[in-house]
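Enquirer: Quick note: the UniProt record's numbering has the sequence shown finishing at residue 154, numbered continuously throughout. Note that CB positions come from ideal geometry on N, CA and C, so glycine has one too.
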Amino acid sequence: MNLLEIILEMLIAFVAVYFIAITLEAPKRTLRYGALGGALGWGVYLVGLSFLDIVGATFLASLFIAWIAHLFARLLKTPVTIYFIPAFIALVPGAGVYQSVYSFINKEYAAAQQHLILTLQISGAIALAIFIVDSIFGVLARIKAAKETKSAAD
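1. For Leu91, tell me which candidate among Leu75, Tyr98 and Gly38 has the shortest Cα-Cα distance.
2. So, for Leu31: in the same chain, excluding its five sequence neighbours on each side, which residues have a beta-carbon less than 8 Å away from its beta-carbon?
3. Which term fits Ser63, buried or exposed, when burial requires 16 or more other beta carbons within 10 angstroms of its beta carbon?
4. Considering only residues of the same chain and omitting the five flanking positions on each side of Thr81, which have a CB-CB separation below 6 Å?
5. Considering only residues of the same chain and omitting the five flanking positions on each side of Lys147, which have a CB-CB separation below 7 Å?
6. Using beta-carbon positions only, say whether Phe59 and Ala125 come within less than 8 Å of one another.
7. Are three or more beta carbon pairs between the region 46-58 and the region 114-124 nearer than 8 Å?
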């Protein structure tokens, strides 16, 4: 995939995430930031696909989206979920769930199992990335609060 294709897909992702955020009734002042996070995350995913498998690329993109969502939340003093939910829509493995069910209905049990396992791995990668970034920001917040408490006591 060349650079022009990546940029084009990122622009499409920006528009898609923007309108998803509108549908989810995100505050107007957060729309462009959420869309930017989703577009940049999709770009990380596409670049990651060139040297990682789909699960690794999803994990890398999810780490980035979670990180940038936390930064935007702190910058704009809004809940982080305003940025999480729309931005992760592009990475959610909906096609894998569809393929699993479709294969199961057609009695192609081996294919259904393969699709389901991959779908669970992708979902797990997204959840793990969110957990890691949330944990890091939580630890940093506790360290900051402890330093402020200590300096106020002195």
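Expert: The answer reads as follows:
1. In the sequence shown, counting from the first residue as 1, residue 91 sits at position 91. Taking Leu91 as reference, the option from Leu75, Tyr98 and Gly38 with the minimal CA-CA separation is Gly38.
2. As a first step, residue 31 must be located in the sequence shown, where it is residue number 31. Counting only Cβ-Cβ distances below 8 Å, and skipping sequence neighbours, we find Tyr18, Ala21 and Ile22.
3. Residue 63 sits at position 63 when you count from the first residue of the sequence shown. According to the sequence shown, residue 63 is Leu rather than Ser. For Leu63, the number of other beta carbons within 10 angstroms of its own is at least 16, and it is reported as buried.
4. Along the sequence shown, read from residue 1 onward, the residue named residue 81 stands at position 81. Residues of the same chain with their beta carbon placed closer than 6 Å to that of Thr81 are lacking, with the five preceding and five following residues left out of the count.
5. For the purposes of this step, residue 147 is taken as residue 147 along the sequence shown, with counting starting at 1. Nothing meets the Cβ criterion.
6. On the sequence shown, position 59 is the one that residue 59 refers to. On the sequence shown, position 125 is the one that residue 125 refers to. Yes. Within cutoff.
7. They touch, by the three-pair rule.
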